[in-house]
Amino acid sequence: MKTTPDVVEISLGDRSYNIHVGAGLLIEAGALVRSAIQQPRVVIVSDENVAALHYARLAESLSTTAIEAELITVPAGEHAKSFEHLESLLDRLLELRVERGDAIIALGGGVIGDLAGFAASILRRGIDVIQAPTTLLAQVDSSVGGKTAINTRFGKNLVGSFHQPRMVLADTDVLATLPERELRAGYAEVVKYGLIDQPEFFGWLEKNGTHVLSGDPDATRHAVITSCRSKAEIVSADERETGSRALLNLGHTFAHALEAEVAYEGRLIHGEAVAIGIVMAFDLSTRLGLCPADDAARVRRHFNDVGLPVTAASIPGLESVRPQVLVDHMRQDKKVRGGRLTFILARGIGQAFITADVDEQTVITALEEDLAVSA
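Positions 750 to 1124 (my numbering) are the ones given, in order, by the sequence shown.
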C-alpha cells in the first residue's frame, strides 16, 4: 500500500540527507533515487534471499526514470561481513567498471548495509551509496548515520568507516516479508531509543509494542519514524561518535561480546543480543545504585513479554561461558579508552549516560549472576 512518506533530515552540512519512511517506497524509488545520484547508473547490492523478494520491484521503478541498474548478490547472513566477501564484492564492482559518479544501492538488512556501505566508502576512494533497508533493525538503526564495517575474528564491526549515504529509503511494506524472529530482533533497537532519552516513547511501546510486531501499519510507521528522528538528532550532533553518539550503543558492549562468543552463529542474532545486553546494562546500573530496581524490572518484563531473550544463559552454548571470557571480548570494544571499558548505563528509563568508571570485578559479578539465570 502506497502512502505519502515522512521525511526525517540528518543535518550534517554538505553531507546532509533525508530518511524517507513510508509504505510502497520501493515502487516510487526511481524518482527519489534519480534526484540524488550524479549519473543514471547504479549497482544494487543485496543478498540472495532479499533479491528474490524485492529486486524486481526496485529495478522496475528505477527503469521508469532511465536509471541503468545491475545486481550483485552475496550470501545471506552475518558471515557475509568478512574480508573475503568484501574483496569479492569489490572485484565484482571493478569488473563492472563502476565509476566515481555511479552509486551503490544497498538493498537488505544490516549486513548488506554495512558491507555495501563499506565497499562504497573505499571503492575509487569513495562513491555514493543509497541505503534501502529491508529489516526493522536496519530501518531504525544500521542504515542511518553512516557507520559501515565488517567483522573480524577479534570482534564485530572492527574494520570500517564513516560513510554517509545519499539517502535512506525505508519502505515499511517490506517488513511484512520478515520472519517473526527477525522482526522481534529489530524491535530491540526500537526499544533502545525510548530507554536512552525518551521515556514517553518507551511507555508507548509497553502499550503498543505487540501492534508493531503484529504488523499494524500505523504502529509500525510511528515506531520507525520516532526511532529515525531520535537517531537523526544524535547523529547530527555527533557524527563520528566522539561523545553523545555512543549512547546509541546502549546494551551493545555486552551484546557484541555475546555475539563474538557464539562466533556470529544463528543461535543468537544481533537484536536478540542487544535485548540481553540492555537488560544487563540496566541490571548493572541497579547493582551500582544508579537505577531504580523497578525500572530495570520494567525493561526486563517488556522484552520478555514480546518474546525476546533477557538472559545470556537462555542461549545454547552460553550457559557455561566464563564471565572473564566475555570481559576479554569487551576489550575489543571500540569505546575502550586507555584500556578501560566504557559502558552505557542508566539512571532510569530514558536517562542513559556514558561512563568508564565501572570496576571490572563488579562487571564480572553481574555476569556471573546473569549466567546463573536461565529464563
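Backbone N, C-alpha and C fix where the C-beta goes; we use that ideal spot for every residue, glycine too.
Using CA coordinates, which residue listed in the options is at the minimum distance from residue i?
| i | options | result |
| --- | --- | --- |
| E988 | V757, V860, H912 | H912 |
| L872 | H769, V889, R849, G858 | R849 |
| A1061 | K1083, I876, A1115, V1085 | A1115 |
| T926 | N900, L907, L944, T883 | T883 |
| V917 | Q1110, L1075, V782 | V782 |
| F1003 | S784, R978, L997, M1029 | M1029 |
| K941 | G875, L997, E833 | L997 |
| P966 | G773, R764, S760 | G773 |
| D1082 | R1049, L775, H1005 | H1005 |
| N906 | L999, E827, L1075, L1067 | E827 |
| E949 | G1097, S795, G771, E797 | G1097 |
Cβ of residue i within 8 angstroms of Cβ of residue j?
| i | j | result |
| --- | --- | --- |
| S993 | V939 | no |
| A887 | V791 | no |
| E1010 | V1070 | yes |
| C1137 | F1052 | Any answer about residue 1137 is impossible in this case: the structure gives the chain only from 750 up to 1124. |
| V973 | A919 | yes |
| V1085 | L1033 | no |
| L932 | I899 | no |
| L1090 | F1102 | no |
| S910 | S870 | yes |
| A868 | L842 | yes |
| I854 | I768 | no |
| S892 | G862 | yes |
Could you check if residue i is buried or exposed, using at least 16 other CB atoms within 10 Å of its CB as the buried criterion?
| i | result |
| --- | --- |
| Q787 | exposed |
| T991 | exposed |
| P824 | exposed |
| T753 | exposed |
| Y766 | buried |
| T1125 | Outside the shown range of the chain, which is 750 to 1124, sits residue 1125, and nothing can be said about it. |
| G762 | exposed |
| R970 | buried |
| F951 | buried |
| G858 | buried |
| P928 | exposed |
From the DSSP output, in three-state form, read off residue i for me.
| i | result |
| --- | --- |
| A1121 | coil |
| L1094 | strand |
| E758 | strand |
| P789 | coil |
| I853 | strand |
| R989 | coil |
| A825 | coil |
| E817 | strand |
DSSP puts residue i in a beta bridge; with which residues?
| i | result |
| --- | --- |
| R1086 | R1089 |
| T901 | G904 |
| N798 | The partner list for N798 (beta bridge, DSSP) is empty, contrary to what the question assumes. |
| T1060 | Paired residue(s): none; T1060 is not in a bridge. |
| M916 | N767, I879 |
| E1127 | Here the chain covers residues 750 to 1124 and nothing more, so residue 1127 does not appear. |
| T1104 | F1092 |
| F951 | Its beta-bridge partners do not exist; DSSP assigns none. |
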